[in-house]
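Each number in this note's numbering comes from the position in the sequence shown (counting from 1) with 413 added on. All C-beta atoms, glycine included, are put in the ideal place defined by N, C-alpha and C. Take a look at the structure set out below.
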Amino acid sequence: MKSVAGLSATALWSSAVALAWRPQHGSPVKAEYGNLAKAHASQDWNGSATQNAPWPFSTSHPWSPSGSLPQNITNGLSTFGTINHPDLGPWTDGPLPQGCPWGLRQSNDTNPYNEKNVPNTGMTRYYEWEISNRTMAPDGVALPLLVVNGQFPGPLIEANWGDWIEVRITNNLNEGTAMHWHGFLQKGTPWYDGTPGVSQCPIAPSKSFTYRFRAELYGTSWWHSHWSAQYLNGLAGPIVIHGPVADEYDVDLGPVMLTDWFHADYYSLVEQVFIATEFGPIFPPMANNMLINGKNNYDCKNTNLTCTPNAGVSQFRFQSGKKHLLRLVNHAAEAVIFFSIDGYQLKVVANDFVPVEPYYTDLVTLAVGQRTDIIVEATGNSTDAVWMRMTEGPSGLGPPRGQTGCSLNDGNSVEALAAIYYENADISKPPTTSNTIDVSRTYFPLNCNNQPLNLTVPKFAIPVKEPDVVLNFTMSAAYNSSGAFKWYMNNETYMANYNDPTLFEAKLGNLDFPEESRVFDLGTNGTVRIIMQSVGFPASHPMHIHGFNMQILSEGIGTWDGVSITNPENPQRRDTQLVQPNGYLVIQIELDNPGVWPFHCHIAWHISEGMNINLLVNTPYVVNEMEIPYVMAQTCRDWSDYSGTTVVNQIDSGL
């Protein structure tokens, strides 16, 4: 293969290549997001039935298993939520001659962040996806969704620790898109992170793009569109990477996808985010419903949309005496979710991609983007049936007022149910169990937070180091000059430039970034400690880091004392962690992954309103040694051609 200046011709990214992807039709379209919302602010928007249920929300949505809607109506080609959905094995492809694909590696004796410890399986998992529009009714309300291969939730990606994954995506929408692989480190492949305007140009309509990345960590995660809030309308699905078990179980029931649900398209929802209302400076849309594996019932009297009662709920099968692994994923727009199973203890064995020392609870809290693996022992009778349930945390933004913010549906009593049937249970009848949890212990005082850090101890210990650099961020909210409500970190807000990805500019040595790119150049520093302080507006923020796991050193209400670290010899690690309303969060990151990495709130409205920064890591390597595949230039040319002839109305930050 020919090379230029020692670089592979297929991987070269140079100033010459840059000419191929820079916009050829003048400046890229950069809508001053907020203008559109401001134009609509004078309209009498009062949460019509097509978008928001009346207050309070009715929970009278009885379910009869025998009369539920067909699966192809509610969820298309997906089999999630059906009683016969297949269980997962301990790994893919069956046993190998030497046993499991990762050999003798265990979760408590192997540092997964050391690339030498990642198994070399020699295996690539191939997926072929088409993104398109399809009308479905997950809760009985017919909606035009954005889906992959006709499925909602989207298809499962399944691989073994150390495998490579290739996903070829064809975009059949009439707008751009990009797919993010949540929690994946992308070491050596930062251009496949899937963040438009940061790691790539968007995939233009009618074009295809192939992502290729390695499963360097193991456990449960999810994929989703990172174009604006597209994923709220269906572009999300689970990922399972098989690896060493954190604790013994008998049956892997697979992903349990948990989300809030809106009876409106994502674009109109984002519009609402910027509009001031009678309730205060900003009142984002409230969810109409919640779904477990893409299903729930809805009270049709609360909408004037096409609605069929008794849509159906998800169903799971327990085997008497067996231990069942459930992989919980919060892929919501904004909901902090409380998950429980009536009358059962839940053994927590992993948070995000991090196995933890097992502990028991009857209630698991998950913020947007977070995952928790639990093991539930089927101690009941073979004829039992029980409810699985999820509810939202309280927000304080609606009646009753004056509460500390967690989610937006307190007072709405939004809840989702799923049925768990033992092997000899009558599946023609719904369960009759009741919620046994005293929610007052969670709701009062109304502070929104994950399980205590002293409970969540990683299996593999990594002590806290002294940081090379410290960054401090104040998180606040205010109106911008256009009258739109925005979220700020240190009084600045983020805006993506789809035509000019930040990673590519860094590669070219153009390090004088526009202020709206929010780039923090960390040079060659080896560790960074980030201290976040939430002030003013009482909202929680599930902060997600791309390209890394972060050590969670301290969190709480008020201000950090500058000293206290929970479990400094082995603090919790994960890729998403809540900042409590009017609270603080202290994290630390090992900067061992060169690239440009977003760090943002995962509440869809907050990132739409600009709550993101980008960390530029190992700048000399990015500029002088990183080899970006040439295909990335072609994707930008395709996007440049599209955006040069079509108005791209970038209503929000772009992410």
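Please report the residue range of the beta strand (DSSP E) in which Ala679 lies.
Position 266 of the sequence shown, counted from the start, is the residue given in the question as residue 679. It should be noted that the sequence gives Tyr, not Ala, for residue 679. Run containing Tyr679: none in the beta strand (DSSP E); it sits in the alpha helix (DSSP H), 679–686.
Could you check if Glu982 is buried or exposed, using at least 16 other CB atoms within 10 Å of its CB as the buried criterion?
Counting from one through the sequence shown, the residue named residue 982 turns up at place 569. Under this definition Glu982 is an exposed residue.
Can you look up Asp1051 in the DSSP assignment and give me helix, strand or coil?
As a working note, residue 1051 is residue 638 in the sequence shown. Helix at Asp1051.
The stretch 905–915 touching the stretch 1014–1027, judged by at least three CB pairs closer than 8 Å
Yes, since at least three Cβ pairs between the stretch 905–915 and the stretch 1014–1027 fall closer than 8 Å, the two stretches touch.
Ordered along the chain, which non-local residues of its own chain (more than five positions away) have a Cβ less than 6 Å from that of Asn862?
Within the sequence shown, the letter at position 449 stands for residue 862. For Asn862, where only same-chain residues beyond five positions count, the Cβ hits under 6 Å are Leu991, Gln993.
Tell me where the beta strand (DSSP E) around Lys736 begins and ends.
Taking the sequence shown and counting its residues from 1, one reaches residue 736 at position 323. Run containing Lys736: 736–743, per the beta strand (DSSP E) assignment.
Would you mind working out which of Asn837, Ile833, Thr804, Asp765 sits nearest Ser795, comparing C-alpha positions?
Residue numbering aside, residue 795 sits at position 382 when the sequence shown is read from its first letter. Among Asn837, Ile833, Thr804, Asp765, the Cα nearest to that of Ser795 is on Asn837.
With H, G and I counted as helix, E and B as strand and the rest as coil, what does DSSP make of Ala919?
Position 506 of the sequence shown, counting from 1, holds the residue named residue 919. Residue state, collapsed to three classes: helix.
By how many angstroms is the C-alpha of Pro1011 removed from the C-alpha of Val941?
Within the sequence shown, residue 941 is the residue found at index 528, counting from 1. Within the sequence shown, residue 1011 is the residue found at index 598, counting from 1. Those two C-alpha atoms are separated by around 14 Å.
Can Tyr662 and Leu738 be called in contact, C-beta distance under 8 Å?
To locate residue 662, count along the sequence shown from 1; it is residue 249. To locate residue 738, count along the sequence shown from 1; it is residue 325. In contact: Tyr662 and Leu738 (Cβ atoms closer than 8 Å).
May I have the straight-line CA-CA distance separating Asn448 from Phe898, to the nearest angstrom?
Start at 1 with the first residue of the sequence shown, and residue 448 comes out as number 35. Start at 1 with the first residue of the sequence shown, and residue 898 comes out as number 485. Residue placement at Asn448 is flagged as unreliable, the pLDDT there being 32, under the threshold of 50; the coordinate-derived value follows with that caveat. For Asn448 and Phe898, the distance between alpha carbons rounds to 11 Å.
Could you tell me which of Val762, His1013, Asn709 sits nearest to Gly494, measuring between CA atoms?
Start at 1 with the first residue of the sequence shown, and residue 494 comes out as number 81. Checking every option, the nearest Cα to that of Gly494 belongs to Asn709.
Do Pro603 and Leu921 have their C-beta atoms closer together than 8 Å?
If you number the sequence shown from 1, residue 603 lands on position 190. If you number the sequence shown from 1, residue 921 lands on position 508. Taking 8 Å as the Cβ cut-off, Pro603 and Leu921 do not qualify as a contacting pair.
Counting Cβ pairs closer than 8 Å, one from the stretch 592–606 and one from the stretch 618–627, do we hit at least three?
Because the criterion of three Cβ pairs below 8 Å is met, the stretch 592–606 and the stretch 618–627 touch.
Could you compute how far the alpha carbon of Thr721 sits from the alpha carbon of Gln599?
Position 308 of the sequence shown, counted from the first residue, corresponds to residue 721. Position 186 of the sequence shown, counted from the first residue, corresponds to residue 599. Going from the Cα of Thr721 to the Cα of Gln599 covers about 43 Å.
Do Val799 and Asp755 have their C-beta atoms closer together than 8 Å?
Taking the first residue of the sequence shown as position 1, residue 799 is located at position 386. Taking the first residue of the sequence shown as position 1, residue 755 is located at position 342. Less than 8 Å divides the Cβ of Val799 from the Cβ of Asp755.
Thinking C-alpha only, which one of Gln728, Glu684, Glu543, Val611 is nearest Pro668?
Translated into positions along the sequence shown, residue 668 becomes position 255. The option with the nearest alpha carbon to Pro668 is Gln728.
Specify the secondary structure class of Pro566 as computed by DSSP and reduced to three states.
On the sequence shown, position 153 is the one that residue 566 refers to. Coil.
Does the count of Cβ pairs from the stretch 573–580 and the stretch 520–540 closer than 8 Å reach three?
By the C-beta criterion, the stretch 573–580 is judged to be in contact with the stretch 520–540, since at least 3 inter-stretch pairs fall below 8 Å.
Within 10 angstroms of its Cβ, does Gly610 collect 16 or more other Cβ (buried), or is it exposed?
Position 197 of the sequence shown, counted from the start, is the residue given in the question as residue 610. Classification of Gly610: buried, given that the 10 Å Cβ count is 16 or more.
Three-state secondary structure (DSSP) at Glu928?
Locating residue 928 in the sequence shown gives position 515, counting from the first residue. In this structure, DSSP gives Glu928 a helical state, which the three-state scheme calls helix.
6 Å CB neighbourhood of Asp673 in its chain, flanking five on each side removed:
Reading the sequence shown from its first residue, position 260 is the one you call residue 673. If we look at Asp673 and ignore the five residues flanking it on each side, its Cβ neighbours are Ala700, Met703, Ala745, Ala746, Ala748.
Three-state secondary structure assigned by DSSP to Ser1056:
Indexing the sequence shown from 1 puts residue 1056 at position 643. Helix.
Just to confirm the assignment, what range does the alpha helix (DSSP H) spanning Pro1033 have?
Taking the sequence shown and counting its residues from 1, the one referred to as residue 1033 is at position 620. Per DSSP, Pro1033 belongs to the alpha helix (DSSP H) from 1032–1037.
Nearest neighbour of Pro651, chosen from His639, Glu571, Asp660, Asn723 [CA to CA]:
Taking the first residue of the sequence shown as 1, we reach residue 651 at position 238. Cα-wise, what sits closest to Pro651 is Glu571.
Within 10 angstroms of its Cβ, does Ser477 collect 16 or more other Cβ (buried), or is it exposed?
To locate residue 477, count along the sequence shown from 1; it is residue 64. By the 10 Å Cβ count, Ser477 comes out exposed.
Would you say Arg986 and Val762 are within 8 Å of each other, going by their C-beta atoms?
Position 573 of the sequence shown, counting from 1, holds the residue named residue 986. Position 349 of the sequence shown, counting from 1, holds the residue named residue 762. Taking 8 Å as the Cβ cut-off, Arg986 and Val762 do not qualify as a contacting pair.
Which same chain residues end up closer than 7 Å to Asp934 when comparing Cβ atoms and leaving out the 5 residues on each side of it in sequence?
Stepping through the sequence shown from its first residue, residue 934 is reached at position 521. These residues qualify, in order along the chain: Leu924, Leu1029, Thr1032.
Limits of the unbroken alpha helix (DSSP H) element including Ile1020
Locating residue 1020 in the sequence shown gives position 607, counting from the first residue. First-last of the alpha helix (DSSP H) with Ile1020: 1017–1021.
Kindly indicate the opening and closing residues of the alpha helix (DSSP H) around Ile486.
Stepping through the sequence shown from its first residue, residue 486 is reached at position 73. Where Ile486 is concerned, the enclosing alpha helix (DSSP H) stretches over 484–487.
Does the beta carbon of Asp660 fall short of 7 Å from some heavy atom of the ligand NAD?
Absence of the ligand NAD from the depicted structure is noted, as is the absence of any ligand whatsoever, leaving it without description.
Buried or exposed for Ser1066, please, with buried defined as at least 16 other CB atoms from any protein chain shown within 10 angstroms of its CB.
Within the sequence shown, numbered from 1, the residue matching residue 1066 stands at position 653. With 16 or more Cβ atoms within 10 Å of its Cβ, Ser1066 is classed as buried.
Under the rule that 16 or more other beta-carbon atoms within 10 Å means buried, what is Asp913, buried or exposed?
Mapped onto the sequence shown, residue 913 falls at position 500. Asp913 is buried by the Cβ-count criterion.
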